[in-house]
Structures are given as C-alpha cells and as structure tokens.
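Residue numbers (full-length UniProt numbering): 1 to 242. Don't be surprised by glycine CBs; every beta carbon is placed ideally from N, CA and C.
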Amino acid sequence: MDVINCILIDDEPLARECLRDYIQKTDFLKLLGEGTNPTQINTLMVDNSVDVIFLDIQMPIMTGLEYLKNNPQRPMVILTTAYPSYALEGFELDVLDYLVKPITFSRFHKSAVKAKDYFQLKQNNAPESQKKESAAYFFVKCDKVYEKINVTDLEFIQAQQNYIVFHTSEDKYMTLMPLKRVWDILPATDFIQVHKSFIVAINKIRTIEKTSLKLTQETIPLSRNFRESVYETVTKKSLFKN
Numbered sequence: 001m002d003v004i005n006c007i008l009i010d011d012e013p014l015a016r017e018c019l020r021d022y023i024q025k026t027d028f029l030k031l032l033g034e035g036t037n038p039t040q041i042n043t044l045m046v047d048n049s050v051d052v053i054f055l056d057i058q059m060p061i062m063t064g065l066e067y068l069k070n071n072p073q074r075p076m077v078i079l080t081t082a083y084p085s086y087a088l089e090g091f092e093l094d095v096l097d098y099l100v101k102p103i104t105f106s107r108f109h110k111s112a113v114k115a116k117d118y119f120q121l122k123q124n125n126a127p128e129s130q131k132k133e134s135a136a137y138f139f140v141k142c143d144k145v146y147e148k149i150n151v152t153d154l155e156f157i158q159a160q161q162n163y164i165v166f167h168t169s170e171d172k173y174m175t176l177m178p179l180k181r182v183w184d185i186l187p188a189t190d191f192i193q194v195h196k197s198f199i200v201a202i203n204k205i206r207t208i209e210k211t212s213l214k215l216t217q218e219t220i221p222l223s224r225n226f227r228e229s230v231y232e233t234v235t236k237k238s239l240f241k242n
C-alpha cells in the first residue's frame, strides 16, 4: 500500500492533538511534521516529500487562505477549520477537501481516502513527460464506482463549485475534484482552458467568436483572461496566418 506523507499546520494544540491521533490511526498516512503557522510549511518540506497538508485557516502571521493564494504550486491541501463560511473560497483555491471542526474520525477518514484516491490516480498514470503524449484513457471516481473515460471522447470539462463534470459525446461524469487537478490527467497538447470553469478539447472546436466557442452541440463561454492563449493556439494550427 502506498504511504501518503503529510504535515499538520494548526495553531491550536488540542486541534493538532486530535488530528495527530487520527493520522496515526490511518494506516496509509504518515505524519512527517507539525507547525503552528503556514510560514513554517516550506521549512518542513525542505527535507521531506510531502503529499498532503492538513491546514487550519485562522492563524496568526499568515492565514491558511493567504498561504494558498501565495503558493499555487503546492501539495494537496485539506483545510481544517471551525469556520464553514470559508468553504467556497477554499474550493476555488483548489483544496482537496474542507473539514469543519469539531472533526469526527469518520469524516476525517473519508477525506483521507479521497487524498489516497487522488494520490493513486497520479501514481498510476505515466510520468508527466510520457503522459501528455500517450494518455488514451483515465478513470474517475463517480459515487462509489470508477468510470473509464476515453480521452478522444471528451468534448469539454466543466467546473461546478468543487465538482468536475467530464462531458463526452454520449454521456457526462461528475466527480469531486478541483479543475486544476484535471491537468494531471489530460494530455495538455490536446486541451485548452477557455474560461475559469471550462476546459475544451481543441479538436472538438467548430468556431471561435469573441466571447464563445461552438462545439458540435454546445456553446462554451470564452473569457477575456483566456482569449489570448486560445487565439495563439488557433494561430499555430492555422493554414493561413495573417
């Protein structure tokens, strides 16, 4: 069984004690270190390969959300907090899960299993250099089953809060995953992000307008923030360039 290395960041001693106990009870988790503030995370990761961070939100010096905003390239993050009102902002920052204190072991274990599923998904895929060229299919967890999705069948991927919907030519599959994680699965040369909530298959695009793209059966919004990269991609694939 793969072991997932984790660190714990929380300024409350009792909260750390509770989570430390839960981690020790979970056979596929290994606690590498603890801290009381996000400023300690980089130090903890210098000599350790960290797969997941259990991160509190309200802490002195730097909050958990400030850390997320300042460090987009980071391990998986599971937020642990007494404030449920931050959930939406947390998921918009691509956290894996959001645990509200007091945290039961049952809820903690469910979150840990989610981390294990995502970790194994990354491990089972080919190395990054090969995966982007050769990935033909992948599996996503929908409810209690894993669904196989052929990359060539994908038309677009849509983010709906903390869920992702994979749209194929014949069906759609919903799974709990931040949109940012999709790039760990997809061959980047075949897909492009056109909106903060949409990634589309380049070969499924029929027409491109100023604020939208038309696929075979769907019209997808094209946002101003992604318009330049879309035009650049299209220009590279154009027969005639003006």
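Quick one: what does DSSP say residue i is sitting in, helix, strand or coil?
i	result
P38	helix
M45	helix
P13	helix
E155	strand
D21	helix
E128	Note that E128 has pLDDT 48, beneath the 50 cutoff, so the model's placement of it is unreliable and no number is given.
S223	coil
Y86	helix
N162	coil
N70	helix
S169	coil
V140	strand
V113	helix
L179	helix
residue 248	Nothing about residue 248 can be read from this structure; the chain reaches only from 1 to 242.
E218	coil
L186	coil
F105	helix
T26	coil
T63	coil
E133	Because E133 sits at a pLDDT of 45, beneath the cut-off of 50, its placement in the model cannot be relied upon, and the following sentence gives the value as read from the coordinates. Three-state DSSP puts E133 in a helix.
Taking a contact to mean a Cβ-Cβ separation below 8 Å, would you say residue i touches residue j in this structure?
i	j	result
L215	K204	yes
L222	S212	yes
K25	N5	no
V140	Y118	no
A159	K101	no
I164	V194	no
I61	T39	yes
F28	K116	yes
Y86	L65	yes
D190	I202	yes
L35	N48	The displayed chain sequence assigns Gly, not Leu, to residue 35. No, these two residues do not count as a Cβ contact at 8 Å.
Please name the residue, chosen from the options, that lies closest to residue i on a Cα-to-Cα basis.
i	options	result
V182	D27, S197 and E170	S197
L79	L99, H109 and I220	L99
Q58	N37, Q161 and P75	N37
D97	V140, E66, K110 and F105	K110
K144	L88, Y137, T81 and L176	L176
E232	I192, D21 and F28	I192
D51	R107, Q120, Q161 and Y86	Q120
K69	G90, I23 and N225	G90
L19	T219, I103 and Y163	I103
L93	T39, Q217, N48 and R74	R74
K114	L44, V234 and Y146	Y146
P178	D190, K116, T189 and N162	N162
A136	A188, A112, R107 and L88	A188
D2	A112, E218 and K210	A112
R107	V95, Y22 and E17	Y22
Considering only DSSP beta bridges, list what residue i is partnered with.
i	result
G33	I7
F191	A201
F91	Beta-bridge pairing links F91 to no other residue.
Y98	L79
V52	C6 and M76
Y118	Y118 pairs with nothing; no bridge assigned.
E147	V140
residue 245	Absent from the structure is residue 245, since the part of the chain shown begins at 1 and ends at 242.
M174	V165
- prompt: Is the region 148–157 touching the region 168–180, taking contact as three or more C-beta pairs under 8 Å?
  reply: yes
field: the region 48–63 touching the region 2–10, judged by at least three CB pairs closer than 8 Å
entry: yes
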